Every structure is written in structure tokens, then in C-alpha cells.
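Heads up, the thing below is written out as C-alpha cells.
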Amino acid sequence: MLANLPSTDRFMLYQQEHQQWLRSLAMYTDQESYFESLLSRVCNSTADYELVNRSGSFRQWFVGLRTQMAQLSELIEAEQHATENGMPNWQRRMDIDDQHRRMRSGYQMLEQQFITVRQQFYAFITPYVH
7 MLANLPSTDR
17 FMLYQQEHQQ
27 WLRSLAMYTD
37 QESYFESLLS
47 RVCNSTADYE
57 LVNRSGSFRQ
67 WFVGLRTQMA
77 QLSELIEAEQ
87 HATENGMPNW
97 QRRMDIDDQH
107 RRMRSGYQML
117 EQQFITVRQQ
127 FYAFITPYVH
């Protein structure tokens, strides 16, 4: 469907999608920061070894999510900067289409991972929050 659109329209849609992704990534970052602070507060208020031990795996997930979010943000910014320099040639447009498909796939995977981690985190932390 997008391949049939004129290049300028397609790139405008890409840029709109990039902005949507960046807003979502900012929201994920805020939620991850909240999870991290809540986890720290709960760990500091208990001597429960299982809680402290399992909190390490959530912290690793948070680091992984932050890394993936930063990488996707960098890709989006680089692609936006590249397209600001004018209408690319045919080969470059094909590369942009491929890159955008990979970025979309990466975003969808990241979004699913975040949802899974969030659900597992809430199931884990809820009994400890008063």
C-alpha cells in the first residue's frame, strides 16, 4: 500500500510514524523510571531475599529496554536527518523503505516486550506495595 504512494507522501507518513514512536518511547521511558524507583523503594524497605534477588532480573530487563529504546530513537533521528537533505534518489528511497520496515518491526517487538515486562513487573511487585 505505501509503495504505491508518491515518495513525498510516503516519507511524510514515515515521519508521522516516527513522531508517534518517539512519543511512545518517551512514555515507556517515564514508566520504566517509575518502575525502577518503585522497585528500589520496595527493595530498600524489606529484607526479603527473593524480592531482592528477583529485582535484579527486572533491572536487567529495564537496562535492555532502555538500550533498545535508545537505539531505535537514534535510528529515527538519523533517518529524519537523512531525508531532510532533499528527495533521495531511487536506490536511497528503496533503502529508506527497507530501513523503515525494519524500524517498524523493531518498534513492534519493543512494544510487545515492554507490555510483557510491565505485566510481569506488576504481578511481581503488587504483593509488596502497601
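Numbers given in the numbering used here equal positions in the sequence shown, counted from 1, plus 6.
For every residue, glycine included, the Cβ atom is placed at its ideal position computed from N, Cα and C.
Source: prediction; values computed, not measured.
Separation of Ile-82 and Thr-35 (C-alpha to C-alpha, rounded to the nearest whole angstrom) is 16 Å. Within the same chain, and ignoring the five residues on either side of Tyr-113 in sequence, the residues whose Cβ sits closer than 7 Å to its Cβ are Trp-27, Leu-78. DSSP, reduced to helix, strand and coil, places Ser-39 within a helical segment of the structure shown.
Inclusion of Phe-120 and Phe-41 in the CB contact set at 8 Å is not warranted, their separation being larger than that value. In this structure, Glu-38 lies away from Phe-64, with their beta-carbon atoms at least 8 Å apart. Taking C-alpha positions only, His-87 is separated from Leu-116 by approximately 23 Å. Just so you know, the alpha carbons of Arg-98 and Glu-85 end up roughly 11 Å apart. About 27 Å separates the Cβ atoms of Tyr-134 and Thr-73, ruling out a contact at the 8 Å cut-off.
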